[in-house]
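Some notes on the structure that comes next.
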Amino acid sequence: MQKRIFLPLCLIFTALLSSCVKTPEMTLEEIEAAKVSLSNDIISRTLTRPRTDNNFVPGKVGGVWNASISGDPKSFNLLIAEQDAETNGVLAPLSSYLADYDLNSRDWVPFAASFEIRENDDGSQDIKYTLRSDLYWSYYNNAKPRVPVTSDDVIWWYDEIQGDEDCASSAYNAQYMENSSGESERITITKIDDKSFYFHFPRAVAEPLLSTNMTLAPSFLYKKAKEEGGAEGVKKFLNVSSDPKLIPSCGPYFLVEYTPGQRLLYERNPDYWEKDSNGESHYYPQTRLVQIVGDPNTANLLFNEGKLEAYSPSPDKVDSLLASADNGRKKGNSGYSVFNAEGSMSASFWSFNQNPKNKDEAFYSWFTKKEFRQAMSCLLNRERIIRQTYRGLAEPTYYFFPKINKYYNENLILKYRYSHEKARKLLESIGFTRRDDGFLYDTNGSPVVFDLTVVSNNPVVSDIAQIIVDECKKEGITVNVRQTDFQRLVEQLMSTFDWQTMIIGLNGGSLFPTQGSNVWVSSGNLHLWNPLQKSPATEWEARVDELYHEAACISDKEKAAPLWNEYQEIFLEQCPVVYLVRSRSFFAIRNKWDLTNVRYDNLYGATTEYCFLAE
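Residue numbers (numbering that gives the first Met the number 0): 0 to 614.
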């Protein structure tokens, strides 16, 4: 499915999906030479086809698209989908966004709705959305009459789900902004007619569509659940025991079957509004069969057996995959092509729990000292991670904003890079000492021992964790790796707060500096290291909040740049999160599909929604 710019700040936790290969120690010169040689060899054997425009040839309907996901959905509920990657992926084919963002032209474009932005004389701002007239909530096999999508769907969801603090929506914080007086004020929504509505901003912002672009939801269904059971009733609505055929769709597919632990089955929605030049609705495959595959190695096996249409290999599997690739020359189910893309926009990171709930724990006093976090950054051996885990097909992440962000500044680079000597000096500066027994102790005489939580059943994360363990051990620090399932990890971050350090990723990227208001602003519910602060816990977090709120309201890049520069500098200095690496990625697809419309890059990922069966 196509990757859309997801509405503000409903970020989803993600994990790395690769494997690891151990290699012997090498000099820095040998490492660099090996990386360049390997990268050049692999790139020369793969296809490069980034998405540079939106021109696709019309196709024909038919065929079965076999795909896989790594785990079962937790629900069929759109609210739950905000915090669970599998649920979000399962429901994505059943809905549409209001607007889309063209990553090449850097322009917002209409999608399910057109829009108009108006600046008012009092400094406020309005966005008027008008829904398409051909948007419907349809049911599989016309089990029920289709229902037009109306402004009531959007307004009720914004007010009663995202706007209800008890629902704990990731979009809740994004509904509030500082007005010109510095006070928090809500961005409101008002109905104009059945197809039109507007959002009112108390103060003009640079990216108003980012703050209002929403996934359409069948609010008429959720409304009854909330009336009967409140916020908890909404969360329990449409659980995985529900009949998926009773879930309406305004997207390209219906979900018609779910067998736990085995598969999901989708059928094409003939009412889907997005059409090609021949008037045929996207997407072209008649059926999507999605297998639930928990082990990445099983997905690799299924692709090699011709039972998956596409596959994203980890770096250690690229060589073997390329050995049998024909890159379009061999048609049919046995032939396949492999594409490559430059490093991804986002990167996972290592974070440290500074929640005062844990103030009686020894680790709290360590993690709340910036010098300790800086020292941990100096013990993060990214080159070793790249060599052992990614076979050289990655690059270290030393910047806060990725290069695609218009406020990326190549001069703002992390100072606390791999150096045991620098880490030692930082730890000594805050009174830590290494005793004759070889272990490091803090000023209270407590040995420096802490946990590192990672998602289970993920070889690459486990490998990175072991590298961290080994590097920290060289300085007398004991790191205990704790593997847990993904849902428990989310629970620790968002409710129990009983973690110490963690490797995690947040899906949503940093295309815009204002993406992630619920992460980087201190009041955010995903402000990982200390969420939901009533007032900033530290001076630096208070300054980040000020910079964010001020810069978010400045459209002029030259005027906003100094504020975003300082914003980045603070995070790079304070190290509340320490970014790891950005890896090059690969994508294989079977040649039974016409490859004319296939694109692959680090912006859009794999564009396969226009695929159709080859002749």
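Yeah, the Cβ is synthetic: ideal placement off N, Cα and C, and Gly gets one too.
This one's a predicted model, so the numbers in the text were calculated from it and none came from an experiment.
For residue 198, name the three-state secondary structure that DSSP assigns. Your numbering for residue 198 matches position 199 in the sequence shown. Strand, per DSSP.
So what's residue 70 in DSSP terms, helix, strand or just coil? Locating residue 70 in the sequence shown gives position 71, counting from the first residue. In this structure, residue 70 counts as coil in the three-state DSSP scheme.
Per the DSSP calculation, residue 432 is bridged to which residue(s)? Counting from one through the sequence shown, the residue named residue 432 turns up at place 433. Answer is 440, bridged to residue 432.
Span of the alpha helix (DSSP H) around residue 490: Reading the sequence shown from its first residue, position 491 is the one you call residue 490. Segment 485–490, the alpha helix (DSSP H) holding residue 490.
Contact check, residue 510 vs residue 344, beta carbons under 8 Å: Within the sequence shown, residue 510 is the residue found at index 511, counting from 1. Within the sequence shown, residue 344 is the residue found at index 345, counting from 1. For residue 510 and residue 344, yes; Cβs fall inside 8 Å.
Which term fits residue 368, buried or exposed, when burial requires 16 or more other beta carbons within 10 angstroms of its beta carbon? Indexing the sequence shown from 1 puts residue 368 at position 369. With 16 or more Cβ atoms within 10 Å of its Cβ, residue 368 is classed as buried.
Relative to the ligand ADP, is the shortest distance from any of its heavy atoms to the C-beta of residue 604 smaller than 7 Å? Questions concerning the ligand ADP fall outside what the structure shown contains, since it holds no ligand whatsoever.
Count the CB pairs spanning the stretch 209–222 and the stretch 141–160 that are closer than 8 Å, and state whether there are at least three. yes
One question on the structure: do residue 606 and residue 50 come within less than 8 Å of each other, judged by their Cβ atoms? As a first step, residue 606 must be located in the sequence shown, where it is residue number 607. As a first step, residue 50 must be located in the sequence shown, where it is residue number 51. Their beta carbons are under 8 Å apart, which means residue 606 touches residue 50 by this criterion.
What does the Cβ neighbour count give for residue 328, buried or exposed, with the cut at 16 atoms within 10 Å? On the sequence shown, residue 328 is found 329 positions in, with the first residue counted as 1. Its Cβ having fewer than 16 others within 10 Å, residue 328 is exposed.
Is the stretch 564–582 in contact with the stretch 406–415, if contact means three or more CB pairs nearer than 8 Å? yes
State yes or no: is the C-beta of residue 81 within less than 8 Å of the C-beta of residue 73? The count along the sequence shown starts at 1 and reaches residue 81 at position 82. The count along the sequence shown starts at 1 and reaches residue 73 at position 74. No.
Return the Cβ separation of residue 221 and residue 154 in integer angstroms, given the expectation that the two are a contact with Cβ distance under 8 Å. Taking the sequence shown and counting its residues from 1, one reaches residue 221 at position 222. Taking the sequence shown and counting its residues from 1, one reaches residue 154 at position 155. Not really, about 13 Å apart at Cβ, beyond 8 Å.
Between the CA atoms of residue 499 and residue 355 - distance to the nearest angstrom: For the purposes of this step, residue 355 is taken as the residue at position 356 of the sequence shown. For the purposes of this step, residue 499 is taken as the residue at position 500 of the sequence shown. Computed Cα separation, rounded: 12 Å.
Determine whether the Cβ of residue 425 lies closer than 8 Å to any Cβ atom of chain B. The structure shown contains no chain B; it holds only a single protein chain.
Extent of the continuous alpha helix (DSSP H) run through residue 458: Position 459 of the sequence shown, counting from 1, holds the residue named residue 458. Note, residue 458: alpha helix (DSSP H), 458–472.
Any 3 or more C-beta pairs closer than 8 Å across the stretch 519–529 and the stretch 540–557: yes
Evaluate residue 611 with the Cβ neighbour count: other Cβ atoms within 10 Å of its Cβ, from every protein chain shown; 16 or more gives buried, anything less gives exposed. Here the question's residue 611 lines up with position 612 in the sequence shown. Classification of residue 611: buried, given that the 10 Å Cβ count is 16 or more.
To the nearest angstrom, report how far apart residue 597 and residue 446 are at their CA atoms. Reading the sequence shown from its first residue, position 598 is the one you call residue 597. Reading the sequence shown from its first residue, position 447 is the one you call residue 446. Distance between the alpha carbons of residue 597 and residue 446: 54 Å.
For a minimum of 4 consecutive residues, which ranges assigned as the alpha helix (DSSP H) are wholly contained in the stretch 306–361? 314–323
Residue 125 beta carbon less than 8 Å from that of residue 197: As a working mapping, residue 197 is identified with position 198 in the sequence shown. As a working mapping, residue 125 is identified with position 126 in the sequence shown. The answer is yes: Cβ separation under 8 Å.
How close, in whole Å, do the beta carbons of residue 423 and residue 474 come, if the pair is a contact with beta carbons under 8 Å? For this step, residue 423 is matched to residue 424 along the sequence shown. For this step, residue 474 is matched to residue 475 along the sequence shown. Right, their Cβ atoms sit about 6 Å apart.
Okay, do the stretch 582–598 and the stretch 385–394 touch, 3+ Cβ pairs below 8 Å being the bar? yes
Among 533, 192, 224 and 282, which one has its Cα closest to the Cα of residue 92? Locating residue 92 in the sequence shown gives position 93, counting from the first residue. Here the closest residue by C-alpha is 282.
Taking 8 Å as the cut-off, decide whether the C-beta atoms of residue 252 and residue 267 are in contact. Along the sequence shown, one-based indexing puts residue 252 at 253. Along the sequence shown, one-based indexing puts residue 267 at 268. Cβ atoms of residue 252 and residue 267: closer than 8 Å.
Separation of residue 601 from residue 102, as counted between CA atoms: As a first step, residue 102 is located in the sequence shown; it is residue number 103 there, counting from the start. As a first step, residue 601 is located in the sequence shown; it is residue number 602 there, counting from the start. If you take the alpha carbons of residue 102 and residue 601, they lie about 11 Å apart.
Shortest alpha-carbon distance to residue 44 belongs to which of 517, 338 and 301? Within the sequence shown, numbered from 1, the residue matching residue 44 stands at position 45. For the residues 517, 338 and 301, the minimum Cα distance to residue 44 belongs to 338.
Could you tell me the boundaries of the beta strand (DSSP E) in which residue 266 lies? For the purposes of this step, residue 266 is identified with residue 267 of the sequence shown, where counting begins at 1. Residues 262–267.
Contacts around residue 519, its chain only, beta-carbon distance under 8 Å, and the 5 residues preceding and following it disregarded: Position 520 of the sequence shown, counted from the start, is the residue given in the question as residue 519. Closer than 8 Å at the Cβ level, and outside the excluded window around residue 519, lie 526, 543, 547 and 570.
Can you name, in chain order, every residue of its own chain whose Cβ lies under 7 Å from the Cβ of residue 535, other than the five neighbours on each side? Counting from one through the sequence shown, the residue named residue 535 turns up at place 536. Only 521, 541 and 544 meet the Cβ criterion.
Just to confirm, are residue 615 and residue 502 a CB contact at a threshold of 8 Å? What the structure shows of the chain is the stretch from 0 to 614, and residue 615 is not part of that stretch, so it cannot be assessed.
Distance, Cα to Cα, residue 318 vs residue 140? Counted from its first residue, the sequence shown places residue 318 at position 319. Counted from its first residue, the sequence shown places residue 140 at position 141. Cα to Cα, residue 318 sits roughly 45 Å from residue 140.
For a test of the three-state rule: what should DSSP assign to residue 501, helix, strand or coil? In the sequence shown, the residue the question calls residue 501 occupies position 502. Strand.
Could you spell out where the beta strand (DSSP E) holding residue 184 opens and where it closes? Translated into positions along the sequence shown, residue 184 becomes position 185. Run containing residue 184: 183–185, per the beta strand (DSSP E) assignment.
Could you check which residue in 88, 226 and 57 has the C-alpha nearest to that of residue 274? On the sequence shown, position 275 is the one that residue 274 refers to. Comparing Cα-Cα distances from residue 274 to each of 88, 226 and 57, the minimum goes to 57.
Using the C-alpha atoms, what's the distance from residue 599 back to residue 205? Here residue 205 refers to the residue found at position 206 when the sequence shown is read from its first residue. Here residue 599 refers to the residue found at position 600 when the sequence shown is read from its first residue. Those two C-alpha atoms are separated by around 29 Å.
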